[in-house]
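Trainee: Let me give you the structure first, and then I'll get to my questions.
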Amino acid sequence: MLNNKYNTDKVNEFLDYLMNLSYNKKCADCGKSNPSWADLTHSFFICYECSALHRRLGAHRSRVKSAQMDSWTTEELRRMHVGGNKYSHKITQNSDFSIRYKDTKDFTAYLDEKERQSRANEPEDSFMNRSRQTSLKRDMVVVEKKPKPKFSDWIESSDEENDPKSIENTLSQITQEEEDDVGLVVSKPGSKIKKSVKPSRSPFSFSVKEHQENEINDEK
1 MLNNKYNTDK
11 VNEFLDYLMN
21 LSYNKKCADC
31 GKSNPSWADL
41 THSFFICYEC
51 SALHRRLGAH
61 RSRVKSAQMD
71 SWTTEELRRM
81 HVGGNKYSHK
91 ITQNSDFSIR
101 YKDTKDFTAY
111 LDEKERQSRA
121 NEPEDSFMNR
131 SRQTSLKRDM
141 VVVEKKPKPK
151 FSDWIESSDE
161 ENDPKSIENT
171 LSQITQEEED
181 DVGLVVSKPG
191 SKIKKSVKPS
201 RSPFSFSVKE
211 HQENEINDEK
C-alpha cells in the first residue's frame with residue numbers, strides 16, 4: 001500500500017486504489033508506467049517529468065500534487081475519483097503543453113458536474129469505501145483445488161480392473177472381423193488362445209472329375 005506519512009491509512013488506501021486502476025497505470029501525457037503525481041484540475045495521473053511541465057503552465061491552468069509526498073483532502077480524492085486517465089482523449093492531443101492545455105474549460109466543467117453528482121450521491125467520504133470493497137473481493141477469491149485421491153479409491157479401482165467380468169467384457173470387444181483377419185478364436189477367460197487353421201488346397205491337386213475333363217480335351 002502507498003506509504004504517505006501525511007495522510008491517514010484510509011486516504012493512502014484510496015489513493016493506492018485509484019493509482020492501480022488499469023487506466024491510471026500509465027501517465028496521461030507520455031504513457032510512462034506507474035505515475036505518482038496528479039493533475040487535479042483535469043483529474044489525470046502523470047509522471048514526475050510531466051508534472052514539471054504542468055507546473056510551468058501555472059496553478060490556474062493545472063494544479064499539481066504528489067501522491068507520495070503531499071497531504072490530500074477528501075474533496076481532492078473525489079476529484080480524482082470522478083475523472084482519471086481514461087478521459088485523457090477528451091483534450092487536444094498535442095505534444096506542446098501550452099497548446100494541449102490551452103483551452104480545457106469544457107472538459108473541466110464536465111468534471112465539475114461529475115464531482116457535484118458524486119457529492120450528492122456519496123456524501124463526505126463514503127465514496128472511498130469502494131477501495132475496501134475491492135480489497136475484500138480479492139481476499140474472497142477461492143482457488144478451486146481438486147481433491148487428492150484416497151488409498152481406498154485406488155483399491156476399489158484396482159479390484160474393478162481385476163474383476164473377471166471386466167476382463168470378459170474387454171475380450172468381447174474384439175470384433176468378428178478382427179478374429180477372421182488374425183485367425184484367432186477367443187474362448188472363455190483363463191483358457192488358451194487357439195489358432196484356427198483353414199485347410200488350403202495345393203495348386204497341383206486335381207479332383208477325379210477335373211482329371212477326366214483334361215483327358216477328353218487332350219484327345220480333341
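For what it's worth, the UniProt record's numbering labels the leading residue of the sequence shown as 1, then goes sequentially.
Glycine included, C-beta positions come from ideal geometry on N, C-alpha and C.
Where residue 10 and residue 4 are concerned, what is the direct C-alpha to C-alpha distance, given to the nearest angstrom?
Mentor: Cα to Cα, the separation comes out at about 11 Å.
Trainee: Count Cβ pairs between the stretch 65-72 and the stretch 82-98 that sit closer than 8 Å; are there 3 or more?
Mentor: The stretch 65-72, when compared against the stretch 82-98, does not touch it at the 8 Å Cβ threshold.
Trainee: Can you name the start and end residues of the alpha helix (DSSP H) that residue 46 belongs to?
Mentor: Element bounds for residue 46: not the alpha helix (DSSP H) but the beta strand (DSSP E), 44-46.
Trainee: How should residue 48 be labelled, buried or exposed, when 16 other C-beta atoms within 10 angstroms of its C-beta is the threshold for buried?
Mentor: That one is exposed.
Trainee: CA-CA distance, residue 45 and residue 91?
Mentor: Approximately 15 Å, taken between the alpha carbons.
Trainee: With a Cβ-Cβ cutoff of 9 Å, do residue 57 and residue 15 count as a contact?
Mentor: No.
Trainee: What is the rounded straight-line gap between the Cα of residue 12 and the Cα of residue 124?
Mentor: Their backbone Cα atoms lie some 17 Å apart in a straight line.
Trainee: Would you call the CB atoms of residue 53 and residue 107 closer than 9 Å?
Mentor: The answer is no: Cβ separation not under 9 Å.
Trainee: Residues in its own chain within less than 8 Å of residue 63 by CB, not counting five upstream and five downstream?
Mentor: Counting only Cβ-Cβ distances below 8 Å, and skipping sequence neighbours, we find 39, 40, 41.
Trainee: Which ranges does the beta strand (DSSP E) cover as unbroken runs of at least 3 residues, wholly within the UniProt domain "Arf-GAP" (12-91), from first to last along the chain?
Mentor: Qualifying beta strand (DSSP E) stretches, in chain order: 37-39, 44-46, 64-66.
Trainee: Ordered along the chain, which non-local residues of its own chain (more than five positions away) have a Cβ less than 6 Å from that of residue 100?
Mentor: So the qualifying residues of the chain are 92, 94.
Trainee: Return yes when the Cβ of residue 2 is within less than 9 Å of the Cβ of residue 80, no when it is not.
Mentor: No, the pair does not count as a contact, with Cβ atoms beyond the cut-off.
Trainee: Tell me, to the nearest whole angstrom, how far the beta carbon of residue 24 is from that of residue 72; I am working on the premise that it is less than 8 Å.
Mentor: Going by Cβ atoms, the distance from residue 24 to residue 72 rounds to 15 Å, so no, they are not a contact pair.
Trainee: With a 10 Å radius around its C-beta and 16 neighbouring C-beta atoms as the bar for buried, classify residue 28 as buried or exposed.
Mentor: Under this definition residue 28 is a buried residue.
Trainee: Between the alpha carbons of residue 22 and residue 127, how many angstroms are there, rounded?
Mentor: The alpha-carbon atoms of residue 22 and residue 127 are separated by roughly 19 Å.
Trainee: What residue range is occupied by the uninterrupted alpha helix (DSSP H) comprising residue 110?
Mentor: 105-121 is the extent of the alpha helix (DSSP H) around residue 110.
Trainee: Does the distance from the C-beta atom of residue 61 to that of residue 104 stay below 9 Å?
Mentor: Closer than 9 Å, so yes.
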